[in-house]
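Counting the sequence shown from 1 gives a position; the numbering used here is that position plus 1.
Ideal Cβ positions, reconstructed from N, Cα and C, are used throughout, including at glycine.
Predicted, not measured: the structure shown is a model, and the values here were computed from it.
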Amino acid sequence: MGSAAEAGVTDQYTVATAPPASESSILQFLVSAAQLDFAAVRRWVERKGLHPDATVGAKPTAVCYAAVGGDARLMSYLLSNGASVDIEDGMGMTPLHYAALGGDPVCVSMLVAHGARLNKETLHGKTPLAISRSRPDTSECSDLLERYGARLTEQPLGPRMFH
């Protein structure tokens, strides 16, 4: 029928137009991430083809669950497979907000190293630093965020006057 090259194009087309994952599959993937089950998350990504940012509704992504759970290994895996450091959930929280909530300085450092926005505010006006400061036992995270230049608000402090 067609050449091998044409068959390759057909194969690529078939893969590219494969039906999206079901909501049920994505929810199972997110549960695996919330349970910090590295092997299950890896299966979902590598064998079943789910993107690390797959989510439903306004739920957090898998990297958010890894960040709040302080699982740097899982977070590193997800980031190396294309997870976004700035994707927001329905409350406007990013993975860095979740890392600040969980209080793990390694996860915070990893997200900052990958370019996470330090001063992004949630829908309720909370930056990662504000979230970290509001939690007990996260002073190490707060100190680290401040060293990176994080602020309590996204807006610059005070009025700016240029004359």
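For Met92, there is no enclosing alpha helix (DSSP H), since its DSSP letter is neither H nor E. Residues Pro61, Cys65, Ala68 and Val69 of the same chain have their beta carbon placed closer than 7 Å to that of Tyr99, with the five preceding and five following residues left out of the count.
Under the three-state reduction of DSSP output, Ile27 falls in the helix class. Within the model, the alpha-carbon separation for Ile88 versus Asp138 is close to 26 Å. In the three-state reduction of the DSSP assignment, Ile132 falls in the helix class, which pools H, G and I. Listed in chain order, the alpha helix (DSSP H) elements of length 4 or more contained wholly in the segment 60-112 are 63-69, 73-81 and 96-103. Pairing Ala63 with Pro53 gives a Cβ-Cβ distance under 7 Å. Spanning the alpha carbons of Thr56 and Leu124 requires a straight line of approximately 19 Å.
For Gly71, the closest of Ser26, Ser135, Pro129 and Val107 by C-alpha to C-alpha distance is Val107. In the three-state reduction of the DSSP assignment, Glu147 falls in the helix class, which pools H, G and I.
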